[in-house]
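Undergrad: Here it is, the structure in full.
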Amino acid sequence: MKFNKLYLLLLFCFLYMPIVVLISLSFNKSGLPTVWGGFSFEWYVKLFQNEKIFKALTNTLIVATVSTLIASTIGTLLAVGIELKKVRNNIIEGTVFIPMIIPDIVMAISLLSFFTLIQFTLGLHSIIISHVVFNIAFVCAVVRTRFNHFDHSIIEASYDLGAKNIVTFIKITLPIIFPGVLAGSLLAFTLSVDEFIIAFFTAGAGSSSTTLPMLIYSMIRFGVTPEINALSTFIILFSFIILFTSLRLNKESVIS
Amino acid sequence: MNTLKRNILLIPGLAWIFIFLILPCILIISLSFFERGIYGGIVYNFNFENYSRVVEFTYLKILLNSSKIAFLSGFFAVLFGYPAAYFIYKAPAKYQIALLFLVILPFWSNYLIRTYAWMVLLNNQGLINTILINLNIIKEPLNILYTEFSVIIGLIYNYLPFVILSIYSSISKLDQNLIEASKDLGGSSIKTFFLVTLPLTLPGVAAGFIFVFVLSIGNFITPDLLGGGKFLMIGNLIYDQFLSARDWPFGASLSFVLIFIMLFLLFLQAIFVRKIS
Chain A
0 MKFNKLYLLL LFCFLYMPIV VLISLSFNKS GLPTVWGGFS FEWYVKLFQN EKIFKALTNT
60 LIVATVSTLI ASTIGTLLAV GIELKKVRNN IIEGTVFIPM IIPDIVMAIS LLSFFTLIQF
120 TLGLHSIIIS HVVFNIAFVC AVVRTRFNHF DHSIIEASYD LGAKNIVTFI KITLPIIFPG
180 VLAGSLLAFT LSVDEFIIAF FTAGAGSSST TLPMLIYSMI RFGVTPEINA LSTFIILFSF
240 IILFTSLRLN KESVIS
Chain B
0 MNTLKRNILL IPGLAWIFIF LILPCILIIS LSFFERGIYG GIVYNFNFEN YSRVVEFTYL
60 KILLNSSKIA FLSGFFAVLF GYPAAYFIYK APAKYQIALL FLVILPFWSN YLIRTYAWMV
120 LLNNQGLINT ILINLNIIKE PLNILYTEFS VIIGLIYNYL PFVILSIYSS ISKLDQNLIE
180 ASKDLGGSSI KTFFLVTLPL TLPGVAAGFI FVFVLSIGNF ITPDLLGGGK FLMIGNLIYD
240 QFLSARDWPF GASLSFVLIF IMLFLLFLQA IFVRKIS
């Protein structure tokens with residue numbers, strides 16, 4: 000039993016060490032990863048004065064919000080459509096599965112080639128369109144878990160009592176699956192906020208549609224500034240808050 | 000609700016996926032049979048030139064190297080993940096959900112940031128080298144960052160939570176009567192584990208392994224940041240064909256090879272799972 004505990008302890012050290020190190024470095028006055036120069040909020044102050052970061056953050060929030068709104072609507076309809084079918088359709092389920100397993104880089108270059116071919120101007124809107132693709136799949140998957148314990152007879156009861164399709168959907172189906180819709184939307188929002196490669200390829204030239212992950216990538220790739228630790232700390236806390244919220248909303252779907 | 004009305008619900012989602020994913024993928028596949036123009040455009044001249052280039056030594060080496068890195072990441076993720084899943088399952092029931100939650104929590108932070116954290120840790124002047132030097136274990140800093148080793152660590156770190164979840168769900172579905180039976184018949188704990196528990200949880204192990212392999216072989220960020228921008232893996236090569244070399248048809252054929260490898264593995268896994276159950 001002692002060995003079990005030790006093993007799990009080592010596992011959690013491995014999983015949390017990088018995060019703990021980044022968070023502690025964000026308060027390091029020296030800005031170097033190896034020299035502790037004392038506790039300071041200097042990098043947080045610098046972070047808030049950095050206009051590039053604010054611009055990128057705004058872009059990211061626009062992309063994530065719009066793509067989440069579109070994807071949660073379309074994805075929920077898709078989930079309801081699939082679940083209400085009496086027989087399983089492997090082609091439809093397979094199609095919805097593709098966006099989750101295709102390598103990001105392949106999806107990114109395919110979309111770039113496609114947009115170039117149809118001469119579609121690139122910008123925030125093309126990132127949004129691209130993010131909706133994988134967000135639909137994830138929203139649909141989360142919403143579908145709400146149907147696991149779904150009692151289909153209440154829908155029939157609603158019809159028997161004379162309710163029309165839309166009334167039944169709004170008054171019966173939607174309230175039952177709604178926690179799943181919210182949890183799926185939060186997942187979509189987080190995925191979109193974090194997504195880098197597809198955004199990078201579909202953003203087009205120029206810095207006007209740079210998103211936060213694109214900015215972080217260039218900060219990491221071309222000369223690290225200590226502000227990135229502070230920025231990382233913010234993003235980590237933000238993601239964790241979203242996860243907690245999502246878990247409270249839909250206990251079963253995130254864990255299983 | 001009748002069939003027609005139900006199908007209307009499916010249309011927006013399926014159409015979106017078809018137009019912005021399937022169609023572009025078909026485009027990429029057809030692009031791979033054309034060739035690059037002198038100035039980087041596309042010349043519509045049908046041939047298999049790109050695919051014969053894929054099997055040229057330089058590129059084949061990168062392809063094999065990607066498979067090797069993906070295989071090792073999957074292998075070690077399963078090797079370290081299995082005991083973790085098993086011990087979580089053995090923990091008191093009231094802690095299990097909390098432990099699983101702690102396993103997936105880091106996974107929810109940004110991928111780039113998690114990878115960057117490993118750059119900080121593995122750097123020549125990084126935390127791990129500094130600690131090892133101060134403890135007098137080593138004299139010179141170890142060159143860990145920008146090697147295949149650091150790429151594998153990064154991949155394992157990022158995908159370990161998935162592996163643990165997948166193996167855990169396999170173990171928790173196990174019929175406890177079988178384990179009791181094995182013990183009643185005189186099997187020791189170790190023997191029961193290797194002859195009963197392990198074989199019956201292999202579907203979870205296979206799912207975890209395939210998952211890491213598939214996500215690793217097509218990975219771009221980890222080999223780019225932890226591998227130091229060398230062409231360690233096929234993802235970097237595809238990236239380069241589209242952004243620097245501007246040879247889209249060749250990049251397209253590499254992507255197609257990548258998709259093909261993935262589909263093949265998922266197919267194998269499906270057969271494996273069917274055979275076991």
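These protein sequence lines map, in sequence, to chains A and B. Sequence positions in the first sequence follow numbering that gives the first Met the number 0 and run 0 to 255. Sequence positions in the second sequence follow numbering that gives the first Met the number 0 and run 0 to 276. By construction, the Cβ of each residue, glycine as well, lies at the ideal position given by its N, Cα and C atoms. Since we're looking at a predicted model, the values are computed, not measured.
Taking 8 Å as the cut-off, does the region 67-77 of chain A touch the region 138-157 of chain A (at least 3 CB pairs, one atom from each stretch)?
TA: Short answer: they touch.
Undergrad: What do you get for Ser-255/A, buried or exposed, if any count of 16 or more other CB atoms within 10 angstroms of its CB means buried?
TA: Your numbering for residue 255/A matches position 256 in the first sequence. The pLDDT assigned to Ser-255/A is 42, lower than 50, so where the model puts this residue is not dependable, and the model offers no usable value.
Undergrad: Kindly list the residues whose CB is nearer than 7 Å to the CB of Ile-61/A, restricted to its own chain and excluding five residues on each side of it in sequence; keep chain order.
TA: Here the question's residue 61/A lines up with position 62 in the first sequence. The residues are Leu-123.
Undergrad: Cβ atoms of Arg-143/A and Ile-97/A: under 8 Å apart, would you say?
TA: Start at 1 with the first residue of the first sequence, and residue 97/A comes out as number 98. Start at 1 with the first residue of the first sequence, and residue 143/A comes out as number 144. No, the pair does not count as a contact, with Cβ atoms beyond the cut-off.
Undergrad: Is Asn-238/B buried or exposed, if buried means 16 or more other CB atoms sit within 10 Å of its CB?
TA: The residue given as residue 238/B occupies position 239 in the second sequence. The sequence shown places Tyr at residue 238/B, not Asn. That one is buried.
Undergrad: Chain B partners of Cys-139/A, CB-CB under 9 Å?
TA: On the first sequence, position 140 is the one that residue 139/A refers to. Here the neighbours are Gly-12.
Undergrad: Counting only Cβ pairs nearer than 8 Å, list the residues of chain A close to Gly-203/B.
TA: Taking the second sequence and counting its residues from 1, one reaches residue 203/B at position 204. The premise fails here: Gly-203/B is roughly 13 Å from chain A at the closest Cβ pair, so nothing lies under 8 Å.
Undergrad: Do Gly-226/B and Val-119/B have their CB atoms nearer than 8 Å?
TA: Reading the second sequence from its first residue, position 227 is the one you call residue 226/B. Reading the second sequence from its first residue, position 120 is the one you call residue 119/B. The answer is no: Cβ separation not under 8 Å.
Undergrad: Output yes or no for whether 8 Å exceeds the beta carbon distance between Leu-224/B and Phe-230/B.
TA: Position 225 of the second sequence holds residue 224/B. Position 231 of the second sequence holds residue 230/B. Not a contact, by the Cβ cut-off of 8 Å.
Undergrad: Which class does Val-34/A belong to by DSSP, given the choice of helix, strand or coil?
TA: Walking along the first sequence from the start, residue 34/A turns up at place 35. Of the three classes helix, strand and coil, the one that applies to Val-34/A here is coil, per DSSP.
Undergrad: Can you look up Ser-255/A in the DSSP assignment and give me helix, strand or coil?
TA: Here residue 255/A is taken as the residue at index 256 of the first sequence, counted from 1. The pLDDT assigned to Ser-255/A is 42, lower than 50, so where the model puts this residue is not dependable, and the model offers no usable value.
Undergrad: Does the beta carbon of Val-119/B come closer than 8 Å to any beta carbon on chain A?
TA: Sequence index remark: in the second sequence, residue 119/B carries index 120 (1-based). It does; some Cβ of chain A falls within 8 Å.
Undergrad: For a cutoff of 8 Å on Cβ pairs, would you count Ala-116/B as touching chain A?
TA: Locating residue 116/B in the second sequence gives position 117, where the first residue counts as 1. Yes, because at least one Cβ of chain A sits closer than 8 Å to the Cβ of Ala-116/B.
Undergrad: Under 8 Å, CB to CB, which of the residues in the region 81-107 of chain A have a partner in chain B?
TA: If the cut-off is 8 Å between Cβ atoms, the region 81-107 of chain A has Ile-81, Leu-83, Lys-84, Ile-91, Thr-94, Val-95, Ile-97, Pro-98, Ile-100, Ile-101, Pro-102, Asp-103, Ile-104, Val-105 and Met-106 near chain B.
Undergrad: Just list the residues that DSSP pairs Val-42/B with in beta bridges.
TA: To locate residue 42/B, count along the second sequence from 1; it is residue 43. Paired residue(s): Glu-34/B.
Undergrad: So the candidates are Phe-200/A, Ile-234/A and Tyr-6/A; which of them puts its Cα closest to the Cα of Leu-98/B?
TA: Position 99 of the second sequence holds residue 98/B. Closest option to Leu-98/B, Cα to Cα, is Tyr-6/A.
Undergrad: Quick check on this structure: which residue in Tyr-15/A, Lys-4/A, Gly-36/A and Met-16/A has the alpha carbon closest to the alpha carbon of Pro-225/A?
TA: Translated into positions along the first sequence, residue 225/A becomes position 226. Among Tyr-15/A, Lys-4/A, Gly-36/A and Met-16/A, the Cα nearest to that of Pro-225/A is on Gly-36/A.
Undergrad: Beta-carbon within less than 8 Å of Tyr-88/B's beta-carbon, same chain only, minus the 5 sequence neighbours each way: which residues are those?
TA: Counting from 1 along the second sequence, the entry for residue 88/B is found at position 89. Only Gln-95, Tyr-167, Ile-170 and Ser-171 meet the Cβ criterion.
Undergrad: What does Asn-27/A pair with, by DSSP beta-bridge criteria?
TA: Residue 27/A sits at position 28 when you count from the first residue of the first sequence. Note: Asn-27/A sits in a beta bridge opposite Phe-38/A.
Undergrad: Assign Ala-198/A to one of three DSSP states: helix, strand, or coil.
TA: Within the first sequence, residue 198/A is the residue found at index 199, counting from 1. The answer is helix: DSSP assigns Ala-198/A an H, G or I state.
Undergrad: Between Phe-219/B, Asn-133/B, Phe-212/B and Gly-186/B, which has its C-alpha nearest Gln-268/B's C-alpha?
TA: The residue given as residue 268/B occupies position 269 in the second sequence. Among Phe-219/B, Asn-133/B, Phe-212/B and Gly-186/B, the Cα nearest to that of Gln-268/B belongs to Phe-212/B.
Undergrad: Mapping the DSSP letters down to three states, classify Ala-207/A as helix, strand or coil.
TA: The sequence position of residue 207/A within the first sequence is 208, counting from 1. Inspection of the sequence shows that residue 207/A is occupied by Ser rather than by Ala. DSSP places Ser-207/A in coil when its eight states are reduced to three.
Undergrad: In the structure shown, what three-state DSSP assignment does Asn-88/A receive?
TA: Working through the first sequence from its first residue, we reach residue 88/A at position 89. Here Asn-88/A sits in coil by DSSP.
Undergrad: Would you identify the three-state DSSP class for Tyr-110/B, choosing helix, strand or coil?
TA: Here residue 110/B refers to the residue found at position 111 of the second sequence. DSSP places Tyr-110/B in helix when its eight states are reduced to three.
Undergrad: How many Å lie between Phe-271/B and Ala-205/B at the Cα?
TA: Indexing the second sequence from 1 puts residue 271/B at position 272. Indexing the second sequence from 1 puts residue 205/B at position 206. So the alpha carbons of these two residues sit roughly 8 Å apart.
Undergrad: Could you give the C-beta distance for Ala-182/A and Ser-245/A, rounded to a whole number, given that I count them as a contact under 8 Å?
TA: Within the first sequence, the letter at position 183 stands for residue 182/A. Within the first sequence, the letter at position 246 stands for residue 245/A. With 8 Å as the limit, Ala-182/A and Ser-245/A qualify as a contact, their Cβ atoms being about 5 Å apart.
Undergrad: Return the chain-ordered ranges of every alpha helix (DSSP H) run that is complete within the region 115-191 of chain A and spans a minimum of 4 residues.
TA: Within the region 115-191 of chain A, the complete alpha helix (DSSP H) runs of at least 4 residues are 123-144, 152-159 and 164-167.
Undergrad: At the level of alpha carbons, what is the spacing between Ile-165/A and Tyr-158/A?
TA: Residue mapping note: residue 165/A aligns to position 166 of the first sequence, counting from 1. Residue mapping note: residue 158/A aligns to position 159 of the first sequence, counting from 1. When rounded, the distance between both Cα atoms is 11 Å.
Undergrad: Can you check whether the C-beta of Val-79/A is within less than 8 Å of a C-beta belonging to chain B?
TA: Along the first sequence, one-based indexing puts residue 79/A at 80. At least one chain B Cβ lies under 8 Å of Val-79/A.
Undergrad: Compile a chain-ordered list of the residues in the region 82-109 of chain B whose CB is closer than 9 Å to at least one CB of chain A.
TA: Within the region 82-109 of chain B, the residues whose Cβ lies closer than 9 Å to some Cβ of chain A are Pro-82, Ala-83, Tyr-85, Phe-86, Ile-87, Lys-89, Ala-90, Ile-96, Leu-98, Leu-99, Phe-100, Leu-101, Val-102, Ile-103, Leu-104, Pro-105, Phe-106, Trp-107, Ser-108 and Asn-109, listed in chain order.
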